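S.K.:
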Amino acid sequence: MSDCIFCKIINGEIPSKKVLENDKFYAFHDIQPVKKVHVLIVPKNHVSNIAHLNEKNEDYIEGLLPFVRDVAKELGISKDGYRLIFNTGEKSGQTVFHMHAHLLGGEEMGWPEA
1 MSDCIFCKII NGEIPSKKVL ENDKFYAFHD IQPVKKVHVL IVPKNHVSNI AHLNEKNEDY
61 IEGLLPFVRD VAKELGISKD GYRLIFNTGE KSGQTVFHMH AHLLGGEEMG WPEA
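This is the structure in structure tokens:
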């Protein structure tokens, strides 16, 4: 999508502070972090959100959880724990409609906490 900010970040049109990348996913630091560690993990192929996955594009996210694990290790938060959040749709707070996960950590978190 030509107007998608995450597609532009993935394509190098907008600078980002990269954490890790492979052939399917890109992880970078959020520019407005809500926790000590706040990284966004996005598939390189555009899909709006989890609700828009179907049999034609669900393989876009194959390997996502192992990639998240590797990002957490790279950030040094895998031992103490972290939170992975997907916002799906406007009412959940999704503001960029390119599927992405928020990886939060580096500090104590309570529950429930948004």
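Heads up: the sequence shown begins at 1 in full-length UniProt numbering, then just goes up one per residue.
C-beta: ideal position from N, C-alpha, C; glycine also.
Being a predicted model, the structure only gives us computed values, none of them experimental.
#1: Any idea what DSSP makes of Leu20, helix, strand or coil?
#2: Quick check on DSSP: helix, strand or coil for Phe97?
#3: What three-state label does DSSP hand Val47 in the structure shown?
#4: Kindly indicate the opening and closing residues of the alpha helix (DSSP H) around Leu75.
#5: Who are the Cβ neighbours of Val68 in its own chain at under 8 Å, not counting the five residues just before and after it?
M.R.: Reading off the structure:
#1: strand
#2: coil
#3: coil
#4: 64-75 is the span of the alpha helix (DSSP H), which, as asked, contains Leu75.
#5: Ile41, Leu84, Ala101, Leu103
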